[in-house]
Structure formats: C-alpha cells, structure tokens
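Asks:
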Amino acid sequence: MELLNVKELLVAFSMYKKGFRKYELEVIHQLSLNVNSGEIVAVVGSSGSGKSILAEAVLGLLPKNSHMHGEIFYKGNKVDKKSIRKYMGTDIAYIPQSVDHLDPVMKVGEQVVGVHGTKERQKELFKQYNLPEGTEKKYPFQCSGGMARRVLVTSALMGKPDLIIADEPTPGLDLKMALEALKDFRELADRGTGILLITHDIDLALGVADRIAVFYAGSILEIAPVDDFVEHSERLRHPYSQALINALPQNNFEPIKGTQPYAGDLFSGCLFAPRCHKRDDKCACDVPMADVRGGKVRCVHAADG
Amino acid sequence: MHKYHKKSRLLNRRVVLLITMIIAAVYLVGVFIWGCCLSEDAYGINFNEKFLAPSPEHWFGTDNLGRDMFFRSIKGLSISMIIGLISVGISSVIAIVMGILSAVFGGWVDKVVNFAIDLCMGLPHLVLLILISFMMGKGVMGITIAAAVTHWPSMTRMIRQEVLQVRNSQYVLAAYKMGRSRWQVAVKHIIPHILPVYFIGATLLFPHCIMHESAVTFLGFGLPKELPAIGVILSEAMTHIVTGKWWLAVFPGLMLLIAVIFFDLIGEGLKNLLNPQTGNE
Amino acid sequence: MFRTKSLVAEIIRLVILLFAVSLLAFILITSAPIDPLTSYIGTESTLSPEARQEIASHWGLNDPLPQRFFTWLGNLFQGDMGMSITYKKPVAQVIGERFSMSIVLMLIAWVLSGIIGFLLGMACGKHENSVFDRIIKTIFLGLKSAPTYWLGLIILTVFAVLLGWFPIGMASPIGKAAEDVTIADRIYHLILPAFTLTIVSMGDVILYTRQKYIDIAKSDYVLYAKTRGETDRQITKRHILRNIALPAITLQFASFSELFGGMALAENVFSYPGIGTATTAAALNADVPLLLGISLVSAIFVFSGNLIANILYGVFDPRIREGKAHA
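Okay, here's the thing in structure tokens:
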C-alpha cells in the first residue's frame, strides 16, 4: 500500500542577500517521491544539500520565513501542515538526528511515553532495545550517543506507526552501532512499516534500503531499486547516480569533478548538466521525471542507455 | 522553472529599519546641535509669563519663573547628551581594554576583571552612582565621573565573550598555523570582529547613561540646579504638580523618553543589520 | 559562570565580595569632601577648635583609613552601626524601620510584576506579531525607556492630582499620630508607588518571557514534540512552561539591583518613608554612618537575590543538579 506520496514539492526561504535585497532561496524543487508499506526508501545526498528540509516539509515543521508548493498525500489523503498533525505520533513517527531534539529538562521515560503512549509499552520497548533499567529516570544529557539513538527509536515506536521518517539516524554512532540501527529499521520494514530514511551515507543506505532516491541540489534525480546500485550499476539511469557509485571506495573510487550548484544561484534545465559527460543542448530544457527500466529518472538521455 | 525568485519589494524590513534609524539619528543630532547653540535668552527668566499653559508661543508652557519649557528641555537634553557622550566614551574604553585583556590573557587577569565586574554590580547601580557623585562633591564633575566609571561591566562581558569566540574560531587558529603573528591576527581578524560589537554596545550604553544621569540629578546629587537639566526640571516640576501644572512634568520627560527610545532603536537596528543571522523574515 | 560550583564555594565567594563592596563603599563615603564633624554639629556651632579636635579624636576621625574601616566593621559585628545625624537615632533602628516599609513596597511590586509579566509574556510569545502582542510590546518597550521617577510623576498627576483618588505623599496621613494609622491608611498610601514600581519592573519580565517563548517554540525539541502528536496546549504545558519558568524566576531574583533603584526613585516621588528616601536624606545631610549602613544593607539585598538565583538553578535545573554539566 502506498503510504506517502510527495508530488512536485517546492520549498523556498525568504532571505536577505548582502545589504537590503530580499530574495527567495529555493531549497527544494520538483521533488517527487513515494514510500510504500514494508519498504525502506533511502534519500541519499551529500551533507548540506537540503535533505532535512524534505523531512521538515512533509512533517509540516518548516519555519515561518519559508513557503511550500506541491502536494503531499498520506494513505491517499491530501495533507497539509495542519491536517498531518492528527497522524503524527501515532500513524507517522519521526526519528530526528540527535538527542538535542529531546526536551533538556524532562526525564527520558516521560518523553518516550509522550502524550499517546503508556508506561507499560515504554518498559516493553526499553527491554526490547536493551536500554538498561533506570534509563527512564535519566535526563537526555546523561545518555550516551547509542542510548540516545535507541531512546529516539523507542519514542518513534510508541504509537506503532505505519510510516517512519528518519533523518540521519546514524551520524555520531560508530560503525557497529550504525549497522545495528539499520538492522532495527530492516526488521521494522519486514514487519510492514514504511520507512523514509534520509542519509548522506550511501554505503549504509545500500546495505539496508529497498529503493534509493538520489538527491542532488534540492531535487531527486533518480529513484531505483537498490539492486541497480549494488549489482547492476550499468542499469542506472542517471549519470550522477553512476558517478556516485563509481566514487565509492569499493568500486573505482573515482571522484566527481565540480561541485553542486548553490541553492541561491540555480539555472534552468538539468542541474547536473555542467558536471555531466553526456551534456548537450537538450539538457538546458525542462527535464520531467520519466519511468525508465522500472525506476524513475530525471534525465533526457536516460532512455539512450 | 527553477527560478522562483519573487520580485523583491522596495520597502522590505531592512530598508524600513534603515530609514527609521536615519530619522532617529537626525532627530538626536538635531536636538544636540540646537541645544548647544541655544542662547540663554531663549529659556531665560521672564516674570511676565509665569505658569503659562502650552500654547503656540510656548509649546511646552512656562514655569514659575516664566522660563520657556521647550527650550529648557532642548538645552537640558543636549547637556545630558554631552555628559552621556563623555561617560560612554570612558566606559566603553574601560570595557574594551578590560574585555580584551581578560579574554586574551585569561587566568588571574580574567579573575581580576570578573571580580571588578562583580564588585561594580554588588551595590544597586543607583546607590553606587549616588556614592561616587557624593564622593566627588556632586555637581557636573561628580555625576559625569559616576556615570563614566559604572557603565562598563555589561559591555566588558560582551567584548570578552566576543574575543574568546574569535580567538578560538577555526580561521584564527588557521591563521596562527600559517605563521601569522599575534599582531597580524589582531589587526586582520580580531579587531574587525570586535569593532561592530563595540559600536553597538556603545550606542546601547548611551540611553543607560542618560537615564542614570537624569535620575541622580532628579534626586539632587547630579547636575546643579542652575543648569536646565531634565532631572532638575522634573524635580522642580514635582513641587508644582499639586497645583495642577502638569505640563512642567509631562513634556520634558517625554523628550527624554523619546531620546532614549531613539538611541535604543539605533543600537538595536545596528545589531540587526550587522548580524546577518537575524532578520531573515 | 559559577553555577557548577558547590553552594559552599558560592557562599564564600559572596562573603569575600560583600567585604570588598563594603570596603569600596567605605572608601567612597569617607573620602567625600565634607567634614562629618561639621555636618554633625552644624556650621553655626561655637565649639572651640580644641573641643572639635577632641570630638574628632574621640570618633577616630584622625585615624588612618584602614583602621577606621576595621573600627567600623568591628562595631558593626557588635550590632553598633553608629548614630544617624539626620534622624538622631541609631542607624540600625532607622534602617530597621525604613527597610521594613520598603520591603512591603518592593515585595508587592516584585510579586505582581513577576506573575503578571510572566503571563503577559507567555501570551505575547504565543501570539507573536498579533495585534495584542504588538500593543503590549510597544507599551512595555516604551515604559522600559521611561525614567522611573517621571513615570511616578505622571501617575501622581493623573491619579492623585487630576482624579484625586489617592493622597499626594507620605505613607500615612499627615497629622495622624503613628498609633492611629490604620492598615487601610497604609495600603491606601502604598498603592501608587507600588503600581509605579510594578509596571517599571514588569517590562523586563514580559520581554524576556516573550523572547524565550518564541525561541523555545522554534527549538528542536518543540518541533520534535509536534511530530510526537502533542497539541499546542500540551506542548506549552509540557515543554515551554517548564523551560521558561526557571530562567524567568531566576531573572526576577537577579533583578534586585534594579528593583532597589526603582524603589528609591519611586519612594522619592511619592514621599514614601522607606529606605529610598532615607538614602537621599542621608546623602544630602552628609550622614556618613547612615549612608554606610544603607550601602551595606543594599549590597546584602542584591547579594541575597543573586545567591537565591544561583541556588534555584542548582536545585531545579537537572543539568546542574545532576552534575557533569557539559556546557
């Protein structure tokens, strides 16, 4: 079943450029994405490319100086900033980046229970996730990185959610803990939960996700089954995805030349074009999302192979 | 398609802010210069015009000696500003020296500076001002020195904090690694960083100094009765309030209030414009 | 700051500081260009120079400064603060009477400004940029810039002179013997100065609470609480209130210095017989013993506020109470 469907999302912030000129900073544009139950969709992109804004937009957490276009559907119902709140905490759970998202002066146990949960379920989940006795009486600053992550996961599971949105759940964890975290996600997905995993770590994403969405300069360039990335990289539809895979140490370790365009000075057409070896005149036109070989891609040359 | 740039409005918040700041600055400088140039006749004694209510001839009315309250207020405000200028000058220099010393040397220097701050804030500010003015034998000298040597603590803390932040920042550490001398780092990185903080701090200190000066004067320990200071005017007004001469108190105080608000406005405005993190709405 | 240090270290620090502050006050007062002897016996005294000299040496006025300071301090510990020239009574007695008057005034203003200011600040923060918020913000930004004594004068003009609702000065009606003064009389004379001091002190509380509310409402943990399905009301109760209350109360204790200054000005405007009017009287009459005593008491007042503020943090903020604070 389709849980989340994001159509042509655009998020912009009003900013002041040097001096007195006000302008719109477009952080996300033409972004389409869907998540079904039982699958993990990983949104992979480099740090600072605006991935977290995607989670904030879906959850209705964008600050006041921003605005949003496009449509978001949850289980087929169109939702906005207000109406999504009735799903949150029960149907939809969010796992934030760090322990800073916990109230500094409230005990962990009370926060995990929240307003919808019960003490019994909290105890049960703490046991399941190996959180030592007494953790519920601690304050967030007293928790170690690994404990904090598990606290956040148990908070998310409190309401038995159908959809989990996790924003960079692994940084600050060592490899063992990061793998453990992803194993937890896999188990949840296998039991039917849909998970949107936002991360900069493509390696970890490849290990756990069912589909990978490649995020670049505020948009998603390609969404494809994880197999295409791991086993059959020749099947990848977008030159950037291929370059991304080639840049991994276990593959050719070949860096991608150039840098991502800054959200402040975007140009029309394909945003990857200046760095692309397949670039030609067609790339300057508007590039729609197209279905190619069982995946979605935004590239005029995708069908050429 | 990617260009979603809305046309920027001509009057966005920053432009409005700048315009208000300019108006405030023009008003303050205007009052200051006018007050300094004012001849004594303008607010001199005239027994034919005692206790006149506000009118087109005397905007703020006249007092028991027939003095024009409008011109007395202008003059008084400009005197307050001179005292404010001197005390802000001295206080801010004390603050910048102490702030930089304590941040750069740390250790016991930092401890001494912190102790001095705690000492200065240990007595209620008003009591400290009265005591210093009392020690100096009151008068212009007394209140100016009192204001000058008691307004540095908050600014010292601010500058200390700022220097610490710059000193530990990556680019300064990098500059040291690249073989830049302390002096070069200070000139190239630390001073440009401290300067805006200094100016904002000094501007925001101004209204404090003026308010404290007028309060101490009102209580009788500041400027002498012969000067048309706001504090003097208001303490005289107190004796005439019973008889319903409301204008003696209302307008001069309002002038002081407006001056204080304008100084605050300029200071906060500078803070807003110089700090790129704020005001992105 | 010193929040992480133990309470004992904090108290020792404050005692040392208090000692230094009283020394500072002593130096300032005794180096004033006035002759305490002259102010005591009056300028028209026909006392012979020899007699003056005798009194001076009896008082220890010829001793070096450090010795005079320790004499004063020694007497202080025996409960002797000297005689007030102005009131012809022991300083301790004057301060006792006056301070109890001022405490009532300050306590009323402090509690009212704290409670009303906190509630208004919360309301403003919740409805940021609404008409209500703008009006309250403008009024109190203006009041913050208004000289306390001028505000007092305006309030006096409106309520006592124009409307005639309240008396013009004094804590008790003139002409009534002290024992005839009723509680009602006192309250009646207390209202205007207390009102002035309340609105003067309230501005800071409102603006602080409002800003804190706005900052917390944007904080990561409030955003996260939203994703946990908490309603706005629940968020306010569970997170915002908890995170603002402690710093706001602490700020209120740390503002004793401003409270004292405001009180002194308000008392002078309303001729309220408290420590504020005594301060000006003492300084005008060069009443050195009284001025010293008042300085000491005002310093203790400010110090106890700061001490309570620090203790509150230590007791109620888990990050400090449970030790190993990171920041």
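If you're matching them up, the sequences are chains A, B and C in order.
When we follow this note's numbering, the leftmost residue of the first sequence carries the number 1, and every step to the right adds one.
When we follow this note's numbering, the leftmost residue of the second sequence carries the number 1, and every step to the right adds one.
When we follow this note's numbering, the leftmost residue of the third sequence carries the number 1, and every step to the right adds one.
C-beta: ideal position from N, C-alpha, C; glycine also.
Note that this is a predicted model, so its numbers are computed, not measured.
Which value, in whole angstroms, describes the spacing of the CA atoms of B/Q165 and A/L182?
Replies: 38 angstroms
Asks: Residues in the segment 249 to 270 of chain B with C-beta within 7 angstroms of chain C's C-beta atoms, listed in sequence order?
Replies: Sequence-ordered contacts of the segment 249 to 270 of chain B with chain C read A249, V250, G253, L256, L257, V260, I261 and D264 [C-beta pairs closer than 7 angstroms].
Asks: Report the residue ranges of all alpha helix (DSSP H) runs contained in full by the segment 154 to 196 of chain B; include only those spanning at least 4 residues, in chain order.
Replies: Qualifying alpha helix (DSSP H) stretches, in chain order: 170 to 177 and 182 to 185.
Asks: What does B/G99 reach in chain C if we use C-beta pairs closer than 9 angstroms?
Replies: Simply none; closest approach about 17 angstroms.
Asks: In the DSSP output, which residue or residues are listed as bridge partners for B/T62?
Replies: B/D68
Asks: Quick one, which of B/L126, B/A147, B/M121 and B/R160 has its alpha-carbon nearest B/V109's?
Replies: B/R160
Asks: For the putative contact between C/I244 and C/Y213, defined by C-beta atoms under 8 angstroms, what is the C-beta separation to the nearest angstrom?
Replies: 6 angstroms
Asks: So C/F260 contacts chain B; which residues on that side make the cut at Cβ distance below 8 angstroms?
Replies: P124, L126 and V127
Asks: Can you give me the C-alpha to C-alpha distance between C/A325 and B/M81, rounded to a whole angstrom?
Replies: Residue placement at C/A325 cannot be trusted, given a pLDDT of 43 that sits under 50; the coordinates are not used to answer.
Asks: Determine the burial state of A/V58: buried for a count of at least 16 other Cβ atoms within 10 Å of its Cβ, exposed for fewer.
Replies: buried
Asks: So B/S73 contacts chain E; which residues on that side make the cut at Cβ distance below 7 angstroms?
Replies: Of the chains in the structure shown, none is chain E; the protein chains are A, B and C.
Asks: Counting only beta-carbon separations shorter than 7 angstroms, does B/L17 have a partner in chain C?
Replies: no
Asks: Is there at least one Cβ from chain C nearer than 7 angstroms to A/F347's Cβ?
Replies: Residue 347 of chain A lies beyond the residue range present for chain A, which begins at 1 and ends at 305; the question has no answer from this structure.
Asks: Any beta-carbon of chain A closer than 7 angstroms to the one on C/G125?
Replies: no
Asks: Quick check: what's the CA-CA separation for C/W150 versus C/P90?
Replies: 33 angstroms
Asks: Check the Cβ-Cβ distances between A/L3 and every residue of chain C, and say whether any is below 7 angstroms.
Replies: Chain C contact via Cβ: absent.
Asks: Hey, does C/Q350 have any beta-carbon neighbour from chain A nearer than 7 angstroms?
Replies: Because chain C spans 1 through 327 in this model, residue 350 of chain C falls outside it and cannot be assessed.
Asks: Could you work out which residue in B/P56, B/C37 and B/D63 is closest to B/E49 when comparing CA atoms only?
Replies: Here the closest residue by C-alpha is B/D63.
Asks: Less than 7 angstroms between the beta carbons of B/A237 and B/A249, yes or no?
Replies: Cβ distance < 7 angstroms, so B/A237 and B/A249 count as in contact.
Asks: Taking only beta-carbon positions, decide if C/T182 is within less than 7 angstroms of chain A.
Replies: no
Asks: Check whether the Cβ of A/D100 lies closer than 7 angstroms to any Cβ atom in chain C.
Replies: yes
Asks: Measuring straight from C-alpha to C-alpha, what distance separates A/T170 and A/A178?
Replies: 5 angstroms
Asks: At 4 residues or longer, and completely inside the segment 13 to 95 of chain A: list those alpha helix (DSSP H) runs for me, N to C.
Replies: 51 to 59
Asks: Under 8 angstroms, with one C-beta from each stretch per pair, do the segment 191 to 205 of chain B and the segment 261 to 268 of chain B reach the 3-pair mark?
Replies: The answer is yes - the segment 261 to 268 of chain B touches the segment 191 to 205 of chain B, with three or more Cβ pairs under 8 angstroms.
Asks: If I measure Cβ to Cβ from A/S66 and keep anything under 7 angstroms in the same chain, skipping five residues before and after, which residues do I get?
Replies: V11, A12 and F13, listed in sequence order.
Asks: Is A/V6 closer than 7 angstroms to A/I72 when the C-beta atoms are compared?
Replies: yes
Asks: Within the continuous beta strand (DSSP E) that includes A/I256, where are the two ends?
Replies: Neither: A/I256 is in no beta strand (DSSP E) and is coded neither H nor E.
Asks: Using three-state DSSP, classify A/D103 as helix, strand or coil.
Replies: coil
Asks: Quick check on DSSP: helix, strand or coil for C/S100?
Replies: helix
Asks: Check whether the Cβ of C/G314 lies closer than 7 angstroms to any Cβ atom in chain A.
Replies: Cβ-Cβ to chain A under 7 angstroms: no for C/G314.
Asks: Could you name the residues of the same chain whose beta carbon sits closer than 8 angstroms to that of A/R150, not counting the 5 residues immediately before and after it, in chain order?
Replies: Within the same chain, Cβ atoms closer than 8 angstroms to the Cβ of A/R150 are found at Y129, N130 and L131, the five residues on either side in sequence being excluded.
Asks: Is DSSP giving A/P225 helix, strand or coil here?
Replies: DSSP places A/P225 in the strand class (E or B) of the three-state scheme.
Asks: Might you give, ordered along the chain, the residues of its own chain that have their beta carbon closer than 7 angstroms to the beta carbon of A/Q242, omitting 5 neighbours on each side?
Replies: S233 and L236
Asks: In this structure, what does DSSP give as the bridge partners for C/E230?
Replies: Note: C/E230 sits in no beta bridge, so no partner.
Asks: Could you tell me which chain C residues have their CB closer than 8 angstroms to the CB of B/P207, listed as they occur along the chain?
Replies: S145
Asks: Under 9 angstroms Cβ-Cβ, which residues of chain A neighbour C/D220?
Replies: P96, Q97, S98, D100, H101 and L102
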